[in-house]
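Q: After the structure tokens below, expect a handful of questions from me.
Residue numbers (the numbering used here): 571 to 655.
So, in structure tokens, the structure goes:
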């Protein structure tokens, strides 16, 4: 269930910032794991509720959004670098 909440957050962040980045399932899982680890939510009893509560808090929402945007920007730079000659 927490994966569904994460996908809603990811879609909201992308749409609010005008990003149209397609991620593979592997990349989504990697971002999800890194997000949970970064905010200390990994291994909790109710990750879904903790993630949803964090998203409702204005400070945490901003921090989560900034984390996701930074992760996506790193991915964009990496992809652009792969196509340079």
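Here a beta-carbon is modelled for each residue, glycine too, at the ideal position from N, C-alpha and C.
Counting only beta-carbon separations shorter than 7 Å, does residue 575 have a partner in chain D?
A: No chain D is present in this structure, which holds just one protein chain.
Q: Output the distance between the C-alpha atoms of residue 573 and residue 622, rounded to the nearest integer angstrom.
A: As a first step, residue 573 is located in the chain shown; it is residue number 3 there, counting from the start. As a first step, residue 622 is located in the chain shown; it is residue number 52 there, counting from the start. Rounded to whole angstroms, residue 573 to residue 622 spans 11 Å at the Cα level.
Q: If we count Cβ pairs, one from each stretch, closer than 8 Å, do we get three or more for the segment 608 to 627 versus the segment 588 to 595?
A: Judged by Cβ distances under 8 Å, the segment 608 to 627 makes no contact with the segment 588 to 595, as fewer than three pairs qualify.
Q: According to the neighbour-count rule (16 or more other Cβ atoms, all chains shown, within 10 Å of its Cβ), is residue 580 buried or exposed?
A: As a position in the chain shown, residue 580 is number 10, starting the count at 1. The residue in question, residue 580, is buried, as its Cβ has 16 or more Cβ neighbours within 10 Å.
Q: Please report how far the alpha carbon of residue 641 lies from the alpha carbon of residue 628, in whole angstroms.
A: The residue given as residue 641 occupies position 71 in the chain shown. The residue given as residue 628 occupies position 58 in the chain shown. Residue 641 and residue 628: Cα-Cα distance of roughly 20 Å.
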